[in-house]
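Enquirer: Chains as they are written, first to last, in this note's numbering: chain G, 7 to 818; chain X, 1286 to 1485; chain C, 1323 to 1451.
For glycine and all other residues, C-beta sits at the position ideal for the given N, C-alpha and C.
This is the structure, below, for whatever I ask next.
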Amino acid sequence: MNDALPPSDENELSAEDLEVLRAFDAMENWNSSLSTSTLPPSPGAQESSTHTKPLALDDIVDEMMMVFVTEADEDISKMRRALNQLEQEEQINPARFVALQRAGHKLRGTAGAVDCHTIATIAHHVEVIAEQVTLGLLFPLIGSNALSQAVSALELLEKNLITYGSEQEGEALLAALATVYQTLNIDLQQPLARPAEQTTSVTHPLEIELVEETSEEAGVSVHIPARQFQDSPSSKPFIRIDSRRFEQLVKHSEHLAELRAPLDNAQAQVETALQDLHTAQARLQELESFLPTLLASSIPPSYKRNGHTSSSLIARILNDANQRSSSTLQRRIKARTSLARTSDPSTWDELQMERYTEKDTLIRSLREAIADVTVCASRVRIAYGQLELLLQDYITQVASVRSDTLLLRLAPLSTLVPRLQRAIKMSTLAQAQEVQFEVRGETTEIDEEILEALAEPLLQLLRTCASDTHTEDGDSQGPYRVWLHAQGLGNEIIIEIGFSMTVHGGAINAIRDPVQRLNGTIFSQRNTAGGVSFYLRFPRSHSAAQCLLIRAGNQHLIVPAVQVQRISEKQREKFDIFYHLGELLGFSAEDATADSRVQPVLIVAPGAGASRTTIGIAVDEIINELELIVRPLQPYLQRPGIVGAAVDGDERVLLMLDLPELVRYATKAGAHRQMFGGKTPAPAASDKQPGAVKILIADDSVYMRQSLLQTLQHAHYTVMEARDGMEALEQLLENKPDAFLLDVEMPNLNGYDLLSIMQLYPELASVRIIMLTSRSSEKHKQRARELGAHAYLTKPCDPETLLQTIRDQLAL
Amino acid sequence: MSEHPVLPSVLLSGSHAQFLEELTDKEFWNYATELAYAVSASPSRPEEYLECNCEAIGHRRGWLALVDLREVVSPPHQFTRLPGSPTWMHGIMAWRDEIIPVVDLGAYLTNNIAQPRADGMVLVAHYKDLIVGLFVGGVGSMTTFELEHMVPLEHTPANDAALCTRTTKAIKGVYADALVLDIPVILADIVEHLRMTVSL
Amino acid sequence: MSKLIMVIDDSATVRKIIETCLGREGFEVRGFPDGVEAMRWLTEPGSRIPDLVILDIGLPKMDGYEVARRLKTKPQFANTVIIMLSRRDGVIDRLKGRLAGAKDYITKPFKTQEIINVIESYLGIPASG
């Protein structure tokens, strides 16, 4: 048995082979020993045993082993050859991996047949790894590394087989290989479906939503772990980014790096210029020190010398002049010298000459030094100017690098759209009715992490709302419509999810927590199509926030710019709710400035729509508008109404406030407790008419409403009704009741949704909320309490208890 | 077993080296084992302490273990008021990359109101992952002593009426007429107070 | 004359196993490393049409399905049973095999008894001789 096949062209049909095929095709009949063949007798014809001589079992096994070993040896050598070629070649030749794959496959089958399972397993490893490399699931270098280990193991096993007749060390080798694979991060179980192309991704993706889809459609179940939202972005090993944006970032950072050298240069120039200036200044100072000595020394010698009568008079004058200022002295000297020149040329002496020259030199030097200083100063100014220009450039580049980095993290909303579409298609409502889904503004860009965190909540919202097949009676005009409109304003994104019909309640409750974690809010409103719309507001990215720097007392604080609708003077406007910021924070009145000075008032932007209550908060001063990075405080430092803190340029901590929350907290606390240890703030202008206590009941059951109506009216309360959550909200805002009785199960917005939304309207903080529901478990009570309910009653409830509870609540 | 103290602080003087040489192998091995156990079990390792001035305590001075301190910050300081803080807290300040609460140590120990002042030092103390700034009037010298030499609080003259019961737990004892303070206890207590203020 | 079984598998070991176990049962077995060699032998004088062909799928030069198809183009092979032999056992693979003309499918690794059973189910137990 000789497999005399040329090793490299194993898989190709040679010319000879084609001949054989043609001859075979041409064969007409067999069983004729006269059939001629033009082909040379096959060199590789198998001389197989056709005898039925029963061989002893041992002989068979031994023979088998020999055959196997020979074959295995060949296969293993093939593998080794392929590996060597991989190492030696410059470029990675995929054919080598194919060869390895084939050899592995063959050896596996063969070894399995003779019960050499360890060899079979390792050969299988070789096959799988080679295949993974070919499919692009594994890096070639890692693959060849692992393969070389595996092949060495095979060689060892083969040797053992020959020497000992069995697979010694099989276990150990397998364990060793397992660690190798682990270190190299090779997963042999990984299904070999080719991942969907991601032409724009740069790094090796770990998870792709789109793969999930295409593979599901292909009917192959591919298990790829979904990316978890984690608070720390650095915990994920890989992320996907757009390669164009990445290149832009790289380009800009390179520009930045290029600017470094000229910047250093300019700085050095300024330094040199400053040095020169310094030197010139020093010289000037030095010369200045010569002045007095030189001037002073000019007098005594002349005095000593002048024994002549003519000069004695002058000398005396000079002596007197000595007492006076040096400028007079100078004049005298000049006068003297000129006199000396004109009067007595013969008495001209060299010392005088020298002195004059010295003086002259000094004056000249002084003049030069002053000029030097001037020149150097202007040089410094010029160099500094250049430095400033470059710094400007640098700062601009830094800003663009920063925005590039932020951009990298952004992805358009459209990446979520397919999933949303699917959720709707699969919803119960869509099974029963036709549902149209429309998206607008899908190009809006949002931070990838936020987007990912938002995906589940959005899907949950859709699922909850569309989980009901309850049809409206008669007024359905055409198919049901669901739409998603997204809008980005600055760092804020607003997404409207609208339904053209009544929806199942509970949507807000379901996604409240994840939305809050994103620092977002969600509220609801009736829309023009007769249905309900949900509005999601959240930050586009975790970058710096635009804030207003204000002062209350001697404390500086910051407020998010989006929370301030406008600013006004206190005198002219009347507000429904009015506070001074100091009160809200519990700062004592002594810190506040006198009321006589006009205090600016921040008008708080409504956190939710349809709020007609104006809220004004007075501050002592509005200083500036800044962009700062706000970080949350430690849990034990957190306070209601304080979102986080930022640090300004002077290392001062600035607390970031949440104005609506502060107002809400104040309103709630104001009634019976001092807030933050400060004085009790003045309650808001009350619109309660004496005597008529208003109670709102919200329940979708007509019977329930009827019976409650009777009970309450009998007790002389004014009663308002709402059939569902949306109606209840509208009633609350339009006609604020003193107490609110609500059920949990209601369409559009259920009880918990309402509780959440009510928190967004500070003006509703004074309404006493009493749950009246059939759900009696502790878990439900807890949830209601967390969301702000004041009391909890279970149905059926006897009128006495109900009235008593209401009385108790109103008394607070 | 000889009276030799902990090995690291023993300079191998000639006599000691000779002593070691004269031991038999077995004796040497025993000695070494005993020392090893002694080191790990000994609680009274001498520690370095920093002296600080905190007025409003009878003793006026305190000792803080150096291992519990991260940094000493000199004035000028900027504290931001945090609503809902206990009276003995000055506020919060920025320290390196963190925002930490700053508590007036003296006021805390006597449950008083922290008075704003321009001077004084902030000692940044840490315990596990808590970082708190302790404001003191000033700092003195550093000393090393062992806790064994400390006098328990009960035995000192009772001019500590100013100290409230809560804080007696924070004091390990008295040494050289100053209070040895237990930073972990203090920090944990402070944070607990801050946490409680919120849940209203 | 005993029934002729052709084994086409690139592994010498597998061929050896089958030759031995089937040979012991009384069949005549001829083994070839690939389809071309098998066909070459078939063109030679003294060759005969096999009664059964055991065909591996993963063959060099020409895969098993192709070989099966080619063999089946010859009317003389109409009665020849083709049995596919491979590691893979997906529904797809069985289907492909059937489309190529195979009657059955054995997966590797196999027990020799399994092979014997399958072969004998198609060819019957040869008369001992």
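Do you know whose CA, among X/I1471, X/I1456, X/V1470, lies nearest X/L1464's CA?
Expert: Among X/I1471, X/I1456, X/V1470, the Cα nearest to that of X/L1464 belongs to X/I1456.
Enquirer: Quick one: which residues of the region 411-435 of chain G get their C-beta closer than 9 Å to a C-beta of chain C? List them in chain order.
Expert: Residues passing the 9 Å Cβ filter: none.
Enquirer: Our contact map puts G/L555 next to G/L632 with C-beta atoms below 8 Å; I'd like the distance itself, whole angstroms only.
Expert: With 8 Å as the limit, G/L555 and G/L632 qualify as a contact, their Cβ atoms being about 6 Å apart.
Enquirer: Is the shortest distance between the beta-carbon of G/T116 and the beta-carbons of chain C less than 9 Å?
Expert: So yes, G/T116 belongs to the interface.
Enquirer: Nearest to G/W489 by CA position, among G/E440, G/S539, G/R532, is which residue?
Expert: Of the listed residues, the one whose Cα sits closest to G/W489 is G/S539.
Enquirer: Could you tell me whether the Cβ of C/S1443 comes closer than 9 Å to any Cβ of chain G?
Expert: Answer no: the Cβ-Cβ gap between C/S1443 and chain G never drops below 9 Å.
Enquirer: Please compile the residues from chain D whose C-beta is within a distance smaller than 8 Å of the C-beta of X/A1379.
Expert: Absent here is chain D; the protein component of the structure consists of chains G, X and C.
Enquirer: Between which two residues does the alpha helix (DSSP H) containing G/L587 stretch?
Expert: Residues 587-591.
Enquirer: Which residue's Cα is closest to the Cα of G/L668: G/E589, G/V636, G/Y642, G/P638?
Expert: For the residues G/E589, G/V636, G/Y642, G/P638, the minimum Cα distance to G/L668 belongs to G/E589.
Enquirer: Within 10 angstroms of its Cβ, does G/V649 collect 16 or more other Cβ (buried), or is it exposed?
Expert: The residue is buried, with at least 16 neighbouring Cβ atoms inside 10 Å.
Enquirer: Counting only runs that start and end within the region 715-801 of chain G, where is the alpha helix (DSSP H) found for 4 or more residues in a row?
Expert: Runs found: 731-740, 757-764, 784-792.
Enquirer: I need the DSSP call for G/R637, collapsed to helix, strand or coil.
Expert: Residue state, collapsed to three classes: strand.
Enquirer: Return helix, strand or coil for C/L1445, following the three-state DSSP convention.
Expert: Note: C/L1445 maps to helix in three-state DSSP.
Enquirer: Any C-beta of chain G sitting closer than 9 Å to the C-beta of X/T1429?
Expert: Judged by the 9 Å Cβ criterion, X/T1429 is not in contact with chain G.
Enquirer: Could you check how far apart the C-beta atoms of G/G176 and G/L163 are, in whole angstroms? I think they sit under 8 Å.
Expert: That belief holds up - the Cβ atoms of G/G176 and G/L163 are roughly 7 Å apart, short of 8 Å.
Enquirer: Would you call G/T779 buried or exposed, if buried means 16 or more other Cβ atoms sit within 10 Å of its Cβ?
Expert: G/T779 is buried by the Cβ-count criterion.
Enquirer: Let me know the secondary structure DSSP gives G/F544 once reduced to three states.
Expert: Three-state result, G/F544: strand.
Enquirer: Look up X/W1380 in the DSSP assignment and give the residues it is bridged to.
Expert: X/E1383, per the DSSP bridge assignment.
Enquirer: Return helix, strand or coil for G/A819, following the three-state DSSP convention.
Expert: There is no way to answer for residue 819 of chain G, as the model of chain G reaches only from 7 to 818.
Enquirer: Examine chain G for any beta-carbon lying closer than 9 Å to the beta-carbon of C/A1400, and answer yes or no.
Expert: It does not: the Cβ of C/A1400 has no partner Cβ on chain G nearer than 9 Å.
Enquirer: For G/Y486, which residues of its own chain have a beta-carbon under 8 Å away from its beta-carbon, when the five flanking residues on both sides are left out?
Expert: Excluding sequence neighbours, G/Y486 sits near L435, Q439, E440, V441, Q442, F505, S506, M507.
Enquirer: Under 8 Å Cβ to Cβ from G/R86, same chain only, skipping five residues before and after it: list those, please.
Expert: Only V157, E161 meet the Cβ criterion.
Enquirer: Give the single residue among C/Y1427, C/E1436, C/I1404 whose Cα lies nearest to the Cα of C/I1371.
Expert: Nearest of C/Y1427, C/E1436, C/I1404 to C/I1371, Cα basis: C/I1404.
Enquirer: In the DSSP assignment, what are the bridge partners of G/N821?
Expert: No answer is possible for residue 821 of chain G: it lies beyond the span of chain G, which begins at 7 and ends at 818.
Enquirer: So with CB distances below 8 Å, who are the chain G contacts of X/L1479?
Expert: Ordered by position in chain G, the residues that pass the 8 Å Cβ test against X/L1479 are Y642, L643.
Enquirer: Within its chain, find whatever has a CB closer than 6 Å to the CB of C/G1446; leave out the 5 residues flanking it on each side and keep chain order.
Expert: So no residue of the chain qualifies.
Enquirer: Identify which residue in C/M1328, C/G1368, C/T1335 has its Cα closest to the Cα of C/G1353.
Expert: Comparing Cα-Cα distances from C/G1353 to each of C/M1328, C/G1368, C/T1335, the minimum goes to C/M1328.
Enquirer: For X/V1358, I'd like the list of residues in its chain whose CB is within less than 6 Å of its CB, leaving aside the five on either flank, ordered along the chain.
Expert: Excluding positions up to five away in sequence, the list reads V1407.
Enquirer: Of all Cβ atoms in chain C, is any one closer than 9 Å to the Cβ of G/P126?
Expert: Contrary to the premise, residue 126 of chain G reads as Ala rather than Pro in this sequence. Judged by the 9 Å Cβ criterion, G/A126 is in contact with chain C.
Enquirer: Please confirm if X/I1384 has its CB atom under 9 Å from at least one CB of chain G.
Expert: So yes, X/I1384 belongs to the interface.
Enquirer: Counting only Cβ pairs nearer than 9 Å, list the residues of chain G close to C/R1391.
Expert: Here the premise fails: no neighbours, minimum Cβ distance about 12 Å.
Enquirer: What did DSSP end up calling G/S406 once you bin it into helix, strand or coil?
Expert: Note: G/S406 maps to helix in three-state DSSP.
Enquirer: Who are the Cβ neighbours of G/N497 in its own chain at under 6 Å, not counting the five residues just before and after it?
Expert: Excluding positions up to five away in sequence, the list reads P545, R546.
Enquirer: Under a Cβ-count criterion, where at least 16 other Cβ atoms within 10 Å of its own Cβ denotes burial, should G/I369 be classed as buried or exposed?
Expert: So G/I369 ends up on the exposed side.
Enquirer: Secondary structure at G/H284, three-state DSSP: helix, strand or coil?
Expert: Note: G/H284 maps to helix in three-state DSSP.
Enquirer: Please confirm whether G/G592 has its beta-carbon closer than 9 Å to some beta-carbon of chain X.
Expert: Yes, G/G592 lies at the interface with chain X (some Cβ there is under 9 Å from its Cβ).
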